[in-house]
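2 protein chains.
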Amino acid sequence: MTGQATITTLTTEECWEVLADRPVGRLATAAGGDPEIFPVSFGVADGHVYFVTKPGSKLVELVVNSRVAFEADEWTEQAAVSVVVKGTAEMLETDADLAQAEAIGIIPFVDDGKNVWVRITPSEVTGRRLTR
Amino acid sequence: MTGQATITTLTTEECWEVLADRPVGRLATAAGGDPEIFPVSFGVADGHVYFVTKPGSKLVELVVNSRVAFEADEWTEQAAVSVVVKGTAEMLETDADLAQAEAIGIIPFVDDGKNVWVRITPSEVTGRRLTR
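So the protein sequences, as listed, match chains A and B.
Last residue of the first sequence? That's 166 in this note's numbering, and every number before it is there in order.
Last residue of the second sequence? That's 166 in this note's numbering, and every number before it is there in order.
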């Protein structure tokens, strides 16, 4: 297959289509210069990425009001698609924000009712498709 | 499903079994306090994680001799497994190191022959299984 692969840059619209289609992504933080990575169930709405996590978790501690990088991808034998969202994360606290987040219908993998909602406001959304 | 989920900590051996089984992971870096995340094709050997990337890529620039966090996961309807490796990345340069890395048989998604090999030496390997 050497030499037959192509790399395509996704449009912003295509990036959001990929994000809307994937249930799980990974969040990277860099608090104190130390990289951390977490898998999260997520959803998208109105140009933001939303996910749920647990109160008191390390993720909550690291993510609040900090810059994050978030990635979702899909792989088949023929093609790989990856989208990266960079932006700022904030914990949702107002009733209006929480109602909007809950309306997205994300299903946490462990749903014990104790959830914290986090919203990423993107500064940059990029994506690539590799086809072979 | 509320309240029926269980979270299990994986043993180190189980973590390596998960890593050995997954073709794709995501690498997080924190150079300059700015988080970055990259999907990579990877393999494991002798207690290290190996992956290939392209010469001159942003990943190479960020990863060399720096602390990284690497994650691989697998999701089904019933269970989610995630393993995180923290450690230090280095670019392989000696013939002996390159021969060892190439023997793992990682297949880069875009295989145009221009590869840089990176090895992560773990300081910590942790994993969790969520069952619902």
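All C-beta atoms in this analysis are idealised placements derived from N, C-alpha and C, irrespective of residue type, glycine included.
> With a cut-off of 9 Å, does the C-beta of A:Arg60 fall near any C-beta of chain B?
Replying inline: Within the first sequence, residue 60 of chain A is the residue found at index 26, counting from 1. Closer than 9 Å to some Cβ of chain B, the Cβ of A:Arg60 qualifies, so yes.
>> Suppose the cutoff is 8 Å on Cβ atoms and the five residues either side in sequence are ignored; what does the same chain contact list for B:Pro156 look like?
In response: Reading the second sequence from its first residue, position 122 is the one you call residue 156 of chain B. Gly81, His82, Val83, Val119, Lys120, Gly121, listed in sequence order.
> When DSSP labels each residue in this structure, what does A:Asp146 get in the three-state scheme?
Replying inline: Indexing the first sequence from 1 puts residue 146 of chain A at position 112. Here A:Asp146 sits in coil by DSSP.
> What is the rounded straight-line gap between the Cα of B:Glu47 and the Cα of B:Val117?
Replying inline: As a position in the second sequence, residue 47 of chain B is number 13, starting the count at 1. As a position in the second sequence, residue 117 of chain B is number 83, starting the count at 1. The straight-line gap separating the alpha-carbon atoms of B:Glu47 and B:Val117 is approximately 11 Å.
> Can you name the residues of chain A whose CB is closer than 7 Å to the CB of B:Arg101?
Replying inline: On the second sequence, residue 101 of chain B is found 67 positions in, with the first residue counted as 1. Those within 7 Å of B:Arg101 in chain A are Asp68, Pro69.
> Can A:Thr42 and A:Arg166 be called in contact, C-beta distance under 9 Å?
Replying inline: Position 8 of the first sequence, counted from the start, is the residue given in the question as residue 42 of chain A. Position 132 of the first sequence, counted from the start, is the residue given in the question as residue 166 of chain A. Not closer than 9 Å, so no.
>> Suppose only complete runs of 4+ residues qualify. What are the alpha helix (DSSP H) ranges in the stretch 40–112 of chain A, listed by chain order?
In response: The stretch 40–112 of chain A contains, as complete alpha helix (DSSP H) runs of 4+ residues, the segments 46–55, 92–97 (chain order).
> chain B partners of A:Thr63, CB-CB under 7 Å?
Replying inline: Along the first sequence, read from residue 1 onward, the residue named residue 63 of chain A stands at position 29. Simply Pro69.
> Name the chain B residues whose beta carbon is nearer than 8 Å to that of A:Ala39?
Replying inline: Counting from one through the first sequence, the residue named residue 39 of chain A turns up at place 5. Ordered by position in chain B, the residues that pass the 8 Å Cβ test against A:Ala39 are Phe143, Val144, Asp145, Asp146.
> So, A:Arg56 versus A:Ala106, is the Cβ gap smaller than 9 Å?
Replying inline: The sequence position of residue 56 of chain A within the first sequence is 22, counting from 1. The sequence position of residue 106 of chain A within the first sequence is 72, counting from 1. Here A:Arg56 is near A:Ala106, since their CB atoms are less than 9 Å apart.
> At what residues does the alpha helix (DSSP H) containing B:Leu132 begin and finish?
Replying inline: Locating residue 132 of chain B in the second sequence gives position 98, where the first residue counts as 1. B:Leu132 -> alpha helix (DSSP H) spans 129–137.
> So, does the CB of A:Gly54 fall closer than 9 Å to a CB anywhere in chain B?
Replying inline: Within the first sequence, the letter at position 20 stands for residue 54 of chain A. It should be pointed out that residue 54 of chain A corresponds to Ala in this sequence rather than to Gly. At a cut-off of 9 Å, the C-beta of A:Ala54 has no neighbouring C-beta in chain B.
> Using the beta-carbon count (16 or more within 10 Å), is B:Glu127 buried or exposed?
Replying inline: Taking the second sequence and counting its residues from 1, the one referred to as residue 127 of chain B is at position 93. With fewer than 16 other Cβ atoms within 10 Å, it is exposed.
>> Taking only three categories from DSSP, how would you classify A:Val154?
In response: If you number the first sequence from 1, residue 154 of chain A lands on position 120. A small fix is needed here, since residue 154 of chain A is Ile in this sequence, not Val. The answer is strand: DSSP assigns A:Ile154 an E or B state.
>> Cutting at 8 Å between CB atoms, please list the residues of its own chain near B:Val94, excluding the five before and the five after it.
In response: As a working mapping, residue 94 of chain B is identified with position 60 in the second sequence. Sequence-distant partners of B:Val94 (beyond 5 residues in either direction) whose C-beta falls short of 8 Å from its own C-beta, in its chain, are Thr87, Lys88, Met125, Val150, Val152.
>> Only counting the same chain, and skipping five residues up and downstream in sequence, which positions put a Cβ closer than 8 Å to that of A:Phe143?
In response: In the first sequence, residue 143 of chain A corresponds to position 109, counting from 1. If you ignore the 5 residues before and after A:Phe143, its C-beta comes within less than 8 Å of the C-beta of Ser75, all in its own chain and listed in chain order.
>> To the nearest angstrom, how far is the alpha carbon of A:Phe85 from that of B:Leu132?
In response: As a first step, residue 85 of chain A must be located in the first sequence, where it is residue number 51. As a first step, residue 132 of chain B must be located in the second sequence, where it is residue number 98. Across the structure, A:Phe85 and B:Leu132 are spaced so that their CA atoms are roughly 40 Å apart.
> Under 7 Å Cβ-Cβ, which residues of chain B neighbour A:Pro73?
Replying inline: Looking up residue 73 of chain A in the first sequence gives position 39. Contacts between A:Pro73 and chain B, judged by CB atoms closer than 7 Å, involve Glu105, Asp107, Ser116 in chain order.
> Taking the alpha carbon of B:Ile71 as the point to measure from, which residue in B:Gly147, B:Phe104, B:Glu108, B:Ala130 has its own alpha carbon closest?
Replying inline: Position 37 of the second sequence holds residue 71 of chain B. The residue from B:Gly147, B:Phe104, B:Glu108, B:Ala130 with its alpha-carbon nearest to that of B:Ile71 is B:Phe104.
>> Which residues in chain A have a C-beta closer than 9 Å to the C-beta of B:Leu164? List them in chain order.
In response: Position 130 of the second sequence holds residue 164 of chain B. Listed along chain A are Phe143, Val144, each with a C-beta nearer than 9 Å to that of B:Leu164.
> Can you name, in chain order, every residue of its own chain whose Cβ lies under 8 Å from the Cβ of A:Val91, other than the five neighbours on each side?
Replying inline: Indexing the first sequence from 1 puts residue 91 of chain A at position 57. A small fix is needed here, since residue 91 of chain A is Ser in this sequence, not Val. Closer than 8 Å at Cβ, skipping near neighbours: Val150.
> In chain order, what residues of the same chain lie with their CB nearer than 6 Å to the CB of A:Thr160, ignoring the 5 residues before and after it?
Replying inline: Translated into positions along the first sequence, residue 160 of chain A becomes position 126. Here the set comprises Val118.
> Is the beta carbon of A:Lys60 less than 9 Å from the beta carbon of B:Ala62?
Replying inline: By 1-based counting over the first sequence, the position of residue 60 of chain A is 26. By 1-based counting over the second sequence, the position of residue 62 of chain B is 28. According to the sequence as given, residue 60 of chain A is Arg; it is not Lys. At a Cβ-Cβ threshold of 9 Å, A:Arg60 and B:Ala62 count as neighbours.
> Does any C-beta atom of chain A lie closer than 9 Å to the C-beta of B:Pro57?
Replying inline: Position 23 of the second sequence, counted from the first residue, corresponds to residue 57 of chain B. Using beta-carbon distances, B:Pro57 counts as an interface residue toward chain A, with a partner under 9 Å.
>> At the level of alpha carbons, what is the spacing between A:Pro73 and B:Lys148?
In response: By one-based count along the first sequence, residue 73 of chain A stands at place 39. By one-based count along the second sequence, residue 148 of chain B stands at place 114. In a straight line, the C-alpha of A:Pro73 is about 30 Å away from that of B:Lys148.
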